[in-house]
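Trainee:
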Amino acid sequence: MDIRHATNPTDFKHYTTERIRNEYLIDSLFEPGEIHMVYSHYDRVVTGGAVPINDGLTLEDKNTLKTNYFLERREIGIINIGSKGKVLVDGQEYKLNKRDCLYVGLGKEEVVLYSEDQSNPARFYFVSTLAHKEYPTKILPIEEAEPNHLGSESESNKRIIYKYIHENGIQSCQLMMGMTMFEPNNIWNTMPAHLHDRRMEVYLYFDMDEDARVFHFMGEPQETRHIVMKNEQAVLSPPWSIHSGAGTNSYTFIWAMSGENYTFTDMDGVKMDDLR
1 MDIRHATNPT
11 DFKHYTTERI
21 RNEYLIDSLF
31 EPGEIHMVYS
41 HYDRVVTGGA
51 VPINDGLTLE
61 DKNTLKTNYF
71 LERREIGIIN
81 IGSKGKVLVD
91 GQEYKLNKRD
101 CLYVGLGKEE
111 VVLYSEDQSN
121 PARFYFVSTL
131 AHKEYPTKIL
141 PIEEAEPNHL
151 GSESESNKRI
161 IYKYIHENGI
171 QSCQLMMGMT
181 MFEPNNIWNT
191 MPAHLHDRRM
201 EVYLYFDMDE
211 DARVFHFMGE
221 PQETRHIVMK
231 NEQAVLSPPW
241 SIHSGAGTNS
251 YTFIWAMSGE
261 NYTFTDMDGV
271 KMDDLR
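With the first letter of the sequence shown counted as 1, position 92 gets the number 92 in full-length UniProt numbering; the numbers rise by one all the way through.
1) Using the Cβ count rule (16 or more neighbours within 10 Å means buried), how would you classify residue 91?
2) By DSSP, does residue 121 sit in helix, in strand, or in coil?
3) Quick one, which of 79, 56, 164 and 178 has its alpha-carbon nearest residue 118's?
4) Going residue by residue through the stretch 22-65, where are the continuous alpha helix (DSSP H) segments of at least 4 residues, counting only ones entirely within it?
5) Could you please give the first and the last residue of the uninterrupted beta strand (DSSP E) stretch that includes residue 11?
6) Flag this pair as touching only if the stretch 210-228 and the stretch 141-150 have three or more C-beta atom pairs under 8 Å; answer yes or no.
7) Whole angstroms is fine: what's the gap from residue 120's alpha carbon to residue 100's?
8) Taking 8 Å as the threshold, find out whether the stretch 34-42 comes into contact with the stretch 242-249 through three or more Cβ pairs.
9) Which residues mark the beginning and the end of the beta strand (DSSP E) in which residue 142 is found?
10) In this structure, how does DSSP classify residue 224 when only helix, strand and coil are distinguished?
11) Counting C-beta neighbours from all protein chains within 10 Å, is the total for residue 78 16 or more, i.e. buried, or is it exposed?
12) Only counting the same chain, and skipping five residues up and downstream in sequence, which positions put a Cβ closer than 8 Å to that of residue 237?
13) Does the stretch 158-167 come close enough to the stretch 178-186 that 3 or more CB-CB pairs lie under 8 Å?
14) Roughly how many angstroms lie between the CA atoms of residue 107 and residue 74, to the nearest whole one?
15) What residues match up with residue 107 in a beta bridge as DSSP calls it?
16) Which one of 134, 170, 147 and 124 has the shortest CA to CA distance from residue 85?
17) Please report how far the alpha carbon of residue 183 lies from the alpha carbon of residue 158, in whole angstroms.
18) Comparing C-alpha positions only, which one of 7, 127 and 89 sits nearest to residue 277?
19) Alpha carbon to alpha carbon, what distance is there between residue 46 and residue 69?
20) So, under 8 Å CB-CB, residue 155 and residue 262 are touching, yes? Tell me the CB distance rounded to an integer number of Å.
21) Report back the beta-carbon spacing between residue 80 and residue 122 to the nearest angstrom; my notes put them in contact at under 8 Å.
22) Distance check for residue 205 and residue 131, CA to CA, integer angstroms please.
23) What residue range is occupied by the uninterrupted beta strand (DSSP E) comprising residue 234?
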């Protein structure tokens, strides 16, 4: 497990490109036959990726979490961004096609990830947060998720937002998770920008061409910086930071939030005049 500590926005003003990438960029999540995870001290969020090949991959890291099993004090959201796969939760099987979401609540002792076709494996992306109450394990195929059509061609941000884990969807303690898909020739996400000082966020960018890039903007509104990101990379967004991006092509991203408030609309808008 890679450990990332919280950072101060005053110090962030002096970071080099290399330092920004080391602190916030999550690279190489999806390696065949392996699980990779990052533990952030922002709201104790764990972000990870798994690509099962020959055998199932068990979700565990007792040395970092200091618990008997991964979900002893946690909940998790899992979205498959690859080919067909399945997840065994204490022996119960849940099949996930591409873009389907599975929520697993507090107290489940064994979570094992499998691919249906070893030559064309599943690619499981997951985000885990602390939990205080058990909610039922639940699967939500993308076909059953409510699409929200937002943006316009004139603003280059015409997109569809699918909300999976939220107050009016799959119930959780504090984890919120969903996916945003862009229409062709639309590139801007989360602009106008916003902040939510009561919770952090993490983005995973995927479904990108090999040479495509997303310029992800972060930092305080008056002190913005950027990270250049490629396919299947994730980025941590502190509560004090904007989180917006523009791509060289259309792309898809998964957003996940954790913190004090459990309301999708809990955000403070940033005026365009305030961006620097």
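The C-beta atom is built at its ideal place from N, Cα and C for all residues, glycine as well. Treat the numbers as computed from the prediction; the structure is a model and nothing was measured.
Mentor: So, to answer that:
1) exposed
2) coil
3) 56
4) 62-65
5) That residue, residue 11, is in no beta strand (DSSP E); its alpha helix (DSSP H) goes 9-12.
6) no
7) 17 Å
8) no
9) No beta strand (DSSP E) contains residue 142, which DSSP labels as neither H nor E.
10) coil
11) buried
12) 24, 200, 201, 202, 203, 218 and 243
13) yes
14) 7 Å
15) Residue 107 pairs with nothing; no bridge assigned.
16) 124
17) 6 Å
18) Since the first residue shown for the chain is 1 and the last is 276, residue 277 is missing from the structure and cannot be characterised.
19) 14 Å
20) Incorrect: roughly 29 Å between the Cβ atoms, too far for contact.
21) 5 Å
22) 26 Å
23) 233-237
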